[in-house]
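If you number the sequence shown the way our numbering does, the last residue is 1108 and the count never jumps. Remarks on the structure that follows.
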Amino acid sequence: MILAIETSCDDTCAAVVEPDGTVRSNVVASQGLLHDRYGGVVPEIASRRHLELIDAVVDDALERGESSLDEAELVAVTRGPGLIGALLVGVSAAKALAAARGLPLAPVDHLAGHVLASTLRLDGVAPIEPPFLCLVASGGHTFLARVDEPPEYRVLGRTLDDAAGEAFDKGARLLGLGYPGGPALDRLARDGDAGAFEFPRALPGDGLDFSYSGVKTALLYRVRDLGEAEADRRRADLAAAYQRAIVEPLVIRLRDAIESEGLRRVALGGGVAANSELRRRAAELADTHGAELWIPPLELCTDNAAMIAAVARYGEPIAYPGYLALDATARVA
Ligand code: KG4
Ligand code: ZN
């Protein structure tokens, strides 16, 4: 079995996964509330909290997976991208476990984890089989990938600036909702009229890229123009229109990719896959294109360690966990 650890941002995660991708446990200790009052993740606070939590989270994953270190064949860990101090805690723990137990170590790319999350088996849901397309939209990343032979994937298009989740979070802040704002904005939008306001669509060029900095600025100006009282009165309409402006480009690019790549299996990944409008529109798109859509359970969409194991089971682990190059190209919202 694979013991996996993920600490790239603000969640302390560990999982026990079988080599065929069956998830036996997937533990996430969220730090959300800790960073709430700052309106975003504070790297130093995140690192310290990982340090406090990591041992207990690993123990919990082993216990819930009805497993023990004796059963572990491989230790997998996120090597980045992420916050350097946060990554270091997970990597140090993983290296210590591997060294103490004489186990191989697999350093894993966090983004490959999001891409391959739907290849896992959880609660009896059948995993997706390559080749497939995957739209990853999270707080730090937004891209479209094609998977032929895991763990390899090819990025077909990506955001040129902000991530979709970041646009949700920043929009939510402008509308006076808490952090992370995505879920709150999603809820508010249900009572609003998406046609009430017009926002620019994030569709730069004619490839498969995205751009989310413009729509955020447009919301800022719209709220300012309306004035505080009026903006407050029309918050639900603003949320609905803004949400549509974020979701529509995701669905349009997904459609373009289905058509240009000729693939009929499609997966969503990343925290924004929780968005009700994205789920609805992606399901409609799959229907009209005769495609099959995988939306993994939410616990596999948001940051988690099972998805790190999903990648590790395909890769070549390193026998001795000596020097390990980290990827600290973090995007902090
Ligand atoms: O994948 P994730 O947990 O963390 C990153 O790796 O970034 O994604 C978190 C992001 C946040 O930006 C959050 O606002 C967004 O996913 N999100 C949502 C919803 N639930 C979470 N965005 C829109 N609608 C939601 N229901
Ligand atoms: Zn992530």
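Just so it is clear, CB atoms sit at the ideal spot from N, CA and C, and this is done for glycine as well.
May I ask you to report which of helix, strand or coil DSSP gives residue i?
i                 : result
leucine 862       : helix
phenylalanine 985 : strand
alanine 898       : A small fix is needed here, since residue 898 is aspartate in this sequence, not alanine. Three-state result, aspartate 898: coil.
threonine 782     : coil
glycine 768       : No statement about residue 768 is possible, as the shown extent of the chain runs from 776 to 1108 and does not include it.
aspartate 884     : strand
threonine 917     : strand
valine 1107       : Note that valine 1107 has pLDDT 42, beneath the 50 cutoff, so the model's placement of it is unreliable and the number below is only indicative. DSSP places valine 1107 in coil when its eight states are reduced to three.
phenylalanine 972 : coil
glutamate 846     : helix
valine 911        : strand
leucine 935       : coil
valine 1047       : helix
isoleucine 1070   : coil
valine 922        : strand
threonine 787     : strand
arginine 929      : strand
valine 1041       : strand
threonine 797     : strand
valine 1086       : helix
Can you grab the Cα-Cα spacing for the pair residue i / residue j, in whole Å?
i               : j               : result
valine 803      : glutamate 1052  : 25 Å
glutamate 973   : glutamate 1067  : 32 Å
alanine 901     : alanine 1014    : 35 Å
leucine 1025    : alanine 875     : 45 Å
leucine 1001    : proline 955     : 24 Å
glycine 970     : glutamate 927   : 40 Å
alanine 779     : aspartate 968   : 43 Å
alanine 789     : isoleucine 1021 : 31 Å
isoleucine 1093 : valine 850      : 10 Å
glycine 989     : leucine 978     : 10 Å
glycine 796     : valine 911      : 20 Å
alanine 1032    : leucine 919     : 8 Å
proline 794     : isoleucine 777  : 7 Å
aspartate 961   : proline 856     : 27 Å
alanine 847     : alanine 1016    : 49 Å
leucine 1101    : arginine 1055   : 37 Å
histidine 889   : proline 1072    : 12 Å
leucine 809     : alanine 1058    : 35 Å
arginine 948    : aspartate 1007  : 13 Å
valine 916      : alanine 959     : One point to set straight first is that residue 916 is histidine, not valine, in the sequence displayed. Histidine 916 and alanine 959: Cα-Cα distance of roughly 20 Å.
glycine 899     : leucine 994     : 42 Å
Around the C-beta of residue i, are 16 or more other C-beta atoms found within 10 angstroms, so that it is buried, or is it exposed?
i               : result
alanine 1108    : Note that alanine 1108 has pLDDT 33, beneath the 50 cutoff, so the model's placement of it is unreliable and the number below is only indicative. The residue is buried, with at least 16 neighbouring Cβ atoms inside 10 Å.
threonine 1077  : buried
asparagine 1079 : buried
aspartate 786   : buried
leucine 872     : buried
glycine 957     : buried
valine 930      : exposed
aspartate 830   : exposed
aspartate 944   : buried
arginine 812    : exposed
arginine 999    : exposed
serine 1035     : exposed
Measuring CA to CA, which of the options is closest to residue i?
i             : options                            : result
arginine 965  : Arg1019, Ala1084, Glu827           : Arg1019
glycine 951   : Ala939, Val922, Glu1003            : Glu1003
valine 791    : Asp1007, Trp1069, Arg812, Asp834   : Asp834
leucine 828   : Ser805, Asn1050, Thr1063, Leu897   : Ser805
alanine 1044  : Arg1055, Leu1075, Leu1029, Arg1028 : Correcting the residue type first, residue 1044 is glycine in the shown sequence and not alanine. That would be Leu1075, whose Cα lies nearest to the Cα of glycine 1044.
arginine 1028 : Gly888, Ala892, Gly980             : Gly980
glycine 807   : Ser800, Gly914, Gly877, Ile903     : Gly914
alanine 1048  : Leu897, Gly1090, Ala892            : Ala892
(message) Measuring CB atoms only, is the stretch 905 to 912 touching the stretch 1034 to 1053, in the sense that at least three cross pairs come out at less than 8 Å?
(response) Touching, yes, given that three or more Cβ pairs across the two stretches are closer than 8 Å.
(message) Quick test of the definition: if touching needs 3 or more C-beta pairs under 8 Å, does the stretch 973 to 988 touch the stretch 932 to 946?
(response) In short, these stretches touch, since the Cβ pair count reaches three.
(message) With a threshold of 8 Å, are at least 3 pairs of Cβ atoms found where one atom belongs to the stretch 816 to 824 and the other to the stretch 858 to 871?
(response) Taking 8 Å as the limit for Cβ pairs, the verdict is that the stretch 858 to 871 does touch the stretch 816 to 824.
(message) Quick test of the definition: if touching needs 3 or more C-beta pairs under 8 Å, does the stretch 1083 to 1092 touch the stretch 883 to 891?
(response) Result yes; three or more Cβ-Cβ pairs closer than 8 Å.
(request) Under 5 Å from any heavy atom of the ligand ATP, by CB: list those residues in chain order, please. (result) This structure simply doesn't include the ligand ATP; it includes the ligand KG4 and the ligand ZN instead.
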